[in-house]
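Notes follow once the structure below has been shown.
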Amino acid sequence: MKPFTEQTLSIIQRIPSGHIMTYGQIAKCAGNPRAARQVARILHSMSEKHQLPWHRVVNAKGNISFQDANRRKEQRTLLEQEGIAVINGRISLEEYQFCCEIPFE
219 MKPFTEQTLS IIQRIPSGHI MTYGQIAKCA GNPRAARQVA RILHSMSEKH QLPWHRVVNA
279 KGNISFQDAN RRKEQRTLLE QEGIAVINGR ISLEEYQFCC EIPFE
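Letter by letter, the sequence shown follows residues 219 to 323 of my numbering.
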């Protein structure tokens, strides 16, 4: 497994309940700030295998990114169960964003 993938998995696994991170934020913490799409691919392909809290990852605006209505509803439900307010598909980054100031090791 590539180091970026390992870092990304580690970061996503560490997002605490009741908090979110953005794809770009995770990419930056994993050492490649321009790899937000790669983070999305990692989530898509590895969430089940690594039991990732995929629902805690949103886009840069705090929006749920799924186009599929069922997946949007599932993510919203999981976030709300953790106490995160989702208003019109958007989460307040100011209130719920988990920050990693330095890259994880």
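Using N, Cα and C, we set each Cβ at its ideal position, and we do this for glycine too.
If the five residues before and after HIS268 are omitted, its C-beta is found closer than 6 Å to the C-beta atoms of LEU227, all from its own chain and listed in chain order. A check of alpha carbon separations from PHE316 across LEU261, ILE282, VAL275 and ARG259 identifies VAL275 as the nearest. Taking the CA atoms as reference points, GLN285 sits about 11 Å from GLY307. TYR241 and GLN225 have their C-alpha atoms spaced approximately 13 Å apart. A direct Cα-Cα distance of roughly 9 Å separates ILE302 from ILE238. The shortest C-alpha to C-alpha distance from HIS273 to any of LYS220, GLU313 and PRO234 is the one to PRO234.
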